[in-house]
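Each protein sequence line maps, in turn, to chains P and V.
In case it helps, the working numbering puts the first sequence at residues 2 to 313.
In case it helps, the working numbering puts the second sequence at residues 11 to 587.
Data first, discussion second: the structure below is written as structure tokens.
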Amino acid sequence: MFDFVISVKDSIIDTAEAINDFVGDGVDFAIDEVKNGSAKVWNGVTGKDKFNEAEKLHKKITREYHKEETSYEKQSKLLLESLEQTISSINNYKQEIYKTHFSQFTLLANRLHNLSIQGESFLEYFDSSIYEMKNVNGVRSKNDMFRIDFNNLKAQEIGIGILTLGWSTRSKALETLRNIQEEKERINDDIAKMKAHITQLQQALSALENIEEYFASLTYNYAKLLHRFKYGIASQTQKNLLKNIALEKGKLDFKMMPLVHIEEFQALFNLSIILKAMATMGYLDEQGNMNEEDQQAIDNIKLLVNKELIVA
Amino acid sequence: MNNEKYTIKELSFDAMIDELNGTSPLNMSKKLMEYELFDQQSSLEILNQIYEEFESKEDIVDELVTPVFFNIADGLVKHPKLGLQKTGITASRLVNEIKSFSYEQQHTSERDMIQDKQNLDENTKTNTLIRPYDRKTVEDKKKMKTYKENHLNQNGYDEYTNQDGVANMRPQPDHIVPLAKAVEEYGTSKFLSNENLKQTLNEDFNLAVTNGSLNQSKGSKSNSEAVNENKNTIASKQTESTKKQMIQKETEAKSAVEKELNSAVAINLKEDIKTVIQGKSQLINDAKDQAIKDGTQKAIGEVVILLIKPIYYEFNDIFKNGMIGNLNVNDKIEAFIYRMKRVKDYVLNNAVGTFFDNLKNLLQGFVTMLINGIVNAFVGLLKKILQVISEGFTAIIEAIKILSKDKDNAGNPITPAQKADAVVKLLATTAVTFLGAYFEESILGFMTGTPVEFLKDVIMVMLTGIASTVIVWLIDQADLFSVKSEKRLMRVKEIFELRIEAIKKNTDIFEKTSIEVLAKQKLQFKKIASNMHHAIENNLNVNDAVYEMANFMHIDLQAKSTDEFLALLSTKKQLVI
């Protein structure tokens with residue numbers, strides 16, 4: 002039956018062409034109009050026009066989504082790498098604070114008063130997968146969304162299409178087009194999420210870079226102040242030796258110290274509190290809520306540090 | 011529809027600035043990662059949820075089961091003894107109005123198709139004359155005699171059997187369309203006088219000369235009845251050609267009688283219209299009287315619904331959210347006054363619209379009754395054709411209204427497919443209503459004469475309502491114009507547009523505030539660090555810079571002055587950080 006309808010359509014076109022041969026080139030325009038017109042009507046009746054539109058739109062949104070996804074992946078990869086590098090740099094500062102600065106300060110401070118700095122640096126393990134965006138699905142396949150395929154019509158579909166004067170194929174084609182239009186809206190949601198996620202990563206990185214700068218600046222100033230304090234302690238020890246003043250339990254008497262050195266001691270004491278707070282906190286995860294992976298990473302780092310020390 | 015479950019919580023610029031300003035610079039990265047610029051639902055989950063909205067099983071209950079129960083309730087409400095049938099107040103109307111009520115929505119009156127049909131039937135009854143049959147008033151013996159003589163002189167054959175020599179077989183003139191039948195069928199028109207009937211029924215086209223025996227056998231029956239009746243002598247004794255001839259004669263006579271009578275009706279209607287100015291037109295007066303009667307009751311019903319809706323809403327809201335609820339008032343008395351004022355304002359604001367709606371209904375009712383009056387004035391086949399057109403008049407008006415509407419009551423645009431769908435449903439329900447009325451006798455005829463006969467009207471309203479609901483549901487299921495997917499697409503667009511807008515807005519606020527706060531913090535830090543550096547390099551007291559730094563980082567210090575520090579050194583043998 003469907004073949005019959007197609008053959009009728011073809012015969013109309015053939016007849017039009019035959020007339021063209023007979024009458025000559027003068028009616029070419031009319032023939033083309035008839036051809037285009039009949040194809041348009043045919044597509045409209047069967048719903049093929051909607052199917053073609055759906056296919057076109059599916060290709061367009063797939064292309065657009067792919068472009069956005071590639072750009073997102075590229076940007077997020079760079080950002081996650083930067084985040085990892087910054088975290089690693091912060092970890093180095095944390096270690097340096099305990100290993101170098103605090104040990105020097107403790108050594109000097111104990112010349113004046115008993116002092117200890119407890120705890121240890123909290124080294125963060127950066128797992129990029131935690132910061133990767135989840136729940137993004139991509140454009141669904143044609144199989145999921147196409148209710149009809151005019152390029153591969155089944156006999157049953159043709160039969161029902163003819164019996165319902167094209168209503169069934171038309172409504173399936175329309176349903177297909179609407180599915181794709183819905184998909185377009187859906188992937189726009191995903192694209193908006195990707196852009197939001199990139200912004201969030203960028204700002205988190207900026208915040209982390211600020212913290213890295215805080216570490217750099219404060220450790221620098223701490224080292225400078227430590228140097229000044231070291232000079233103060235040395236000069237006071239020298240003074241006591243010259244005046245033959247005995248040191249009680251090997252310590253200088255802070256009551257005899259000039260105020261400027263007490264102020265230096267106080268500044269270092271308070272700065273140590275600040276640096277300790279900075280070295281023992283996490284900047285991406287809450288401290289104290291370390292997951293197993295974090296703990297494992299810390300253990301591994303400790304192991305490596307100890308090995309290095311032994312080797313040294 | 012409810013958008014709550016799809017909504018993404020929006021960030022507020024001021025709230026975020028306040029929050030970030032109160033956050034330690036050391037916690038900024040963590041804090042910024044904690045913000046939810048979008049929810050954790052995947053877009054595919056959202057899409058599936060929207061699909062479920064359109065395909066959920068609950069819809070069958072909402073769209074079919076509940077309305078069917080309301081149809082049953084409507085039937086009971088429509089019982090004549092309650093006197094509510096013309097007010098348009100039905101269970102389903104009330105529930106729908108209350109359910110969809112909001113103060114933003116305008117009140118509009120609704121068509122009650124079953125009531126419209128009942129009004130029309132009532133009007134038809136008023137327009138139908140019960141004319142007692144009296145043979146003497148419609149029989150013209152002189153004309154009959156003249157016809158018989160002329161026929162015998164000119165032809166002399168039996169007009170039914172076609173046999174010659176009827177003169178010798180007790181010839182008699184027969185009214186082909188019998189007088190009693192004609193009075194019963196055509197006498198119902200108010201615009202036909204007995205004289206009109208007498209003149210037409212005794213015209214040559216309704217007379218046939220036949221033998222006395224056949225005429226006696228036929229009696230008061232029509233030709234077709236006489237021919238088809240098994241026990242009748244005509245059916246058993248007459249030849250097939252006689253029977254065929256009788257039927258043919260009847261068809262021709264009926265057509266000629268109806269044509270003649272309808273011409274008389276047209277003349278009489280014309281005369282009646284001429285008396286409109288004097289206020290004596292029967293046609294206009296009858297239509298006016300019934301339109302006013304029906305319109306007044308409908309108007310009362312509309313006013314009742316207009317009042318009930320906001321009052322119910324307020325009571326419901328009080329029970330759900332308390333007297334004060336979400337109102338921006340201080341106490342319960344103020345809330346009560348506010349609520350009552352809101353009801354009053356709504357009623358007054360909609361009063362004018364309702365008045366014009368009722369006036370429009372009244373006019374539409376008048377035109378419908380007028381057309382019905384004209385239709386009932388005519389007789390025969392023409393009447394039936396006109397009846398179909400006139401009874402569909404209201405439906406046609408409604409269909410035109412739907413087609414010319416751009417937006418629905420909620421302000422949403424109506425697409426061509428939705429219009430086509432609405433028109434098909436309207437026509438289908440109209441057809442069901444009329445078919446129900448036409449087949450009332452054959453469906454519920456068994457109840458006639460029984461003690462439960464009074465329930466006939468009620469059951470008919472229920473059955474017609476249920477049939478209409480089922481038809482609408484079936485049309486919905488068939489989705490002839492793909493309206494369902496169109497509506498779903500609109501819903502998908504609405505939801506995702508809302509979500510995307512929220513995500514973009516959140517991203518924008520997030521970016522602006524975080525850039526602003528991070529820049530501010532960086533600047534602040536640089537200033538403190540620079541002071542510290544300056545103090546260290548120039549052998550000055552560094553402590554002020556350290557206090558500032560601790561404040562900046564929201565860190566609590568043990569010694570906030572040198573005196574406190576000295577006290578600490580004096581009292582504690584061991585300092586622990």
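Ideal Cβ placement from N, Cα and C applies to all residues, glycine included.
The structure displayed is predicted, hence computed values, not measured ones.
{"query": "Separation of residue 136 (chain V) from residue 466 (chain V), as counted between CA atoms", "result": "21 Å"}
{"query": "CA-to-CA distance, residue 400 (chain V) to residue 381 (chain V), given in whole angstroms", "result": "6 Å"}
{"query": "Proximity to residue 491 (chain V) [Cα-Cα], best of P:167, P:212, P:237", "result": "P:167"}
{"query": "Positions along the stretch 107-131 of chain P whose CB lies within less than 7 Å of some CB in chain V", "result": "114, 115, 116, 117, 118, 119"}
{"query": "Under the three-state DSSP convention, the category residue 228 (chain P) falls into", "result": "helix"}
{"query": "Separation of residue 39 (chain V) from residue 567 (chain V), as counted between CA atoms", "result": "23 Å"}
{"query": "C-beta contact flag for residue 569 (chain V) and residue 267 (chain P) at 8 Å", "result": "yes"}
{"query": "Contacts that residue 198 (chain V) makes with chain P (C-beta to C-beta distance below 7 Å)", "result": "Simply none; closest approach about 44 Å."}
{"query": "Contact residues within the stretch 48-82 of chain P, judged by C-beta distance below 8 Å to chain V", "result": "none"}
{"query": "Check whether residue 383 (chain V) and residue 297 (chain V) have beta carbons under 8 Å apart", "result": "yes"}
{"query": "Distance, residue 279 (chain P) Cα to residue 121 (chain P) Cα", "result": "11 Å"}
{"query": "Distance, residue 69 (chain P) Cα to residue 503 (chain V) Cα", "result": "20 Å"}
{"query": "contact_flag[the stretch 99-108 of chain P, the stretch 47-67 of chain P] where n(CB pairs < 8 Å) is 3 or more", "result": "no"}
{"query": "Endpoints, the beta strand (DSSP E) within which residue 493 (chain V) is located", "result": "Per DSSP, residue 493 (chain V) belongs to no beta strand (DSSP E); it is in the alpha helix (DSSP H), 493-547."}
{"query": "Bridge-paired residues (DSSP) for residue 182 (chain V)", "result": "V:220"}
{"query": "Chain V contact for residue 1 (chain P) (CB, 8 Å cutoff)", "result": "Beyond the ends of chain P as shown, which are 2 and 313, falls residue 1 (chain P); an answer cannot be given."}
{"query": "Three-state secondary structure assigned by DSSP to residue 138 (chain V)", "result": "strand"}
{"query": "Closer than 9 Å at the beta carbon, the chain V residues around residue 263 (chain P)", "result": "572, 575, 576, 579"}
{"query": "Any C-beta of chain V under 8 Å from that of residue 147 (chain P)", "result": "no"}
{"query": "Burial state of residue 564 (chain V), where buried means 16 or more other Cβ atoms lie within 10 Å", "result": "exposed"}
{"query": "Interfacial residues, the stretch 270-285 of chain P to chain V, with Cβ spacing under 9 Å", "result": "270, 271, 272, 273, 274, 275, 277, 278, 279, 282, 283, 284, 285"}
{"query": "Enclosing beta strand (DSSP E) for residue 115 (chain P) [first to last residue]", "result": "115-117"}
{"query": "Per-residue DSSP class, three states only, for residue 125 (chain P)", "result": "coil"}
{"query": "Own chain residues within Cβ distance below 8 Å of residue 288 (chain P), not counting five before or after", "result": "Because the pLDDT of residue 288 (chain P) is 46, which lies under 50, any placement of that residue in the model is unreliable, and the number read from its coordinates should be weighed accordingly. Here the set comprises 123, 281, 282."}
{"query": "Contained alpha helix (DSSP H) runs [length at least 4] in the stretch 377-431 of chain V, N- to C-terminal order", "result": "390-401, 403-414"}
{"query": "Best match in V:459, V:325, V:215 for proximity to residue 111 (chain V) [C-alpha to C-alpha]", "result": "V:325"}
{"query": "Closer than 8 Å to chain V by CB, residue 268 (chain P)", "result": "yes"}
{"query": "Opposing strand residues paired with residue 196 (chain P) [DSSP bridges]", "result": "Partner(s): none; residue 196 (chain P) has no beta bridge."}
{"query": "Residues within the stretch 556-570 of chain V neighbouring chain P, beta-carbon criterion of under 8 Å", "result": "556, 557, 559, 560, 563, 565, 567, 568, 569"}
{"query": "Check whether residue 212 (chain V) and residue 150 (chain V) have beta carbons under 8 Å apart", "result": "yes"}
{"query": "Reduced DSSP secondary structure (H/G/I, E/B, other) of residue 585 (chain V)", "result": "strand"}
{"query": "Cross-chain neighbours of residue 196 (chain P) in chain V, by beta carbon under 7 Å", "result": "517"}
{"query": "Interface positions of the stretch 241-256 of chain P facing chain V (Cβ-Cβ less than 7 Å), listed along the chain", "result": "255"}
{"query": "Alpha-carbon to alpha-carbon, residue 438 (chain V) and residue 471 (chain V)", "result": "16 Å"}
{"query": "Beta-carbon separation (whole angstroms), residue 233 (chain V) vs residue 186 (chain V), contact threshold 8 Å", "result": "6 Å"}
{"query": "Environment of residue 51 (chain P) [buried if 16+ CB atoms lie within 10 Å]", "result": "buried"}
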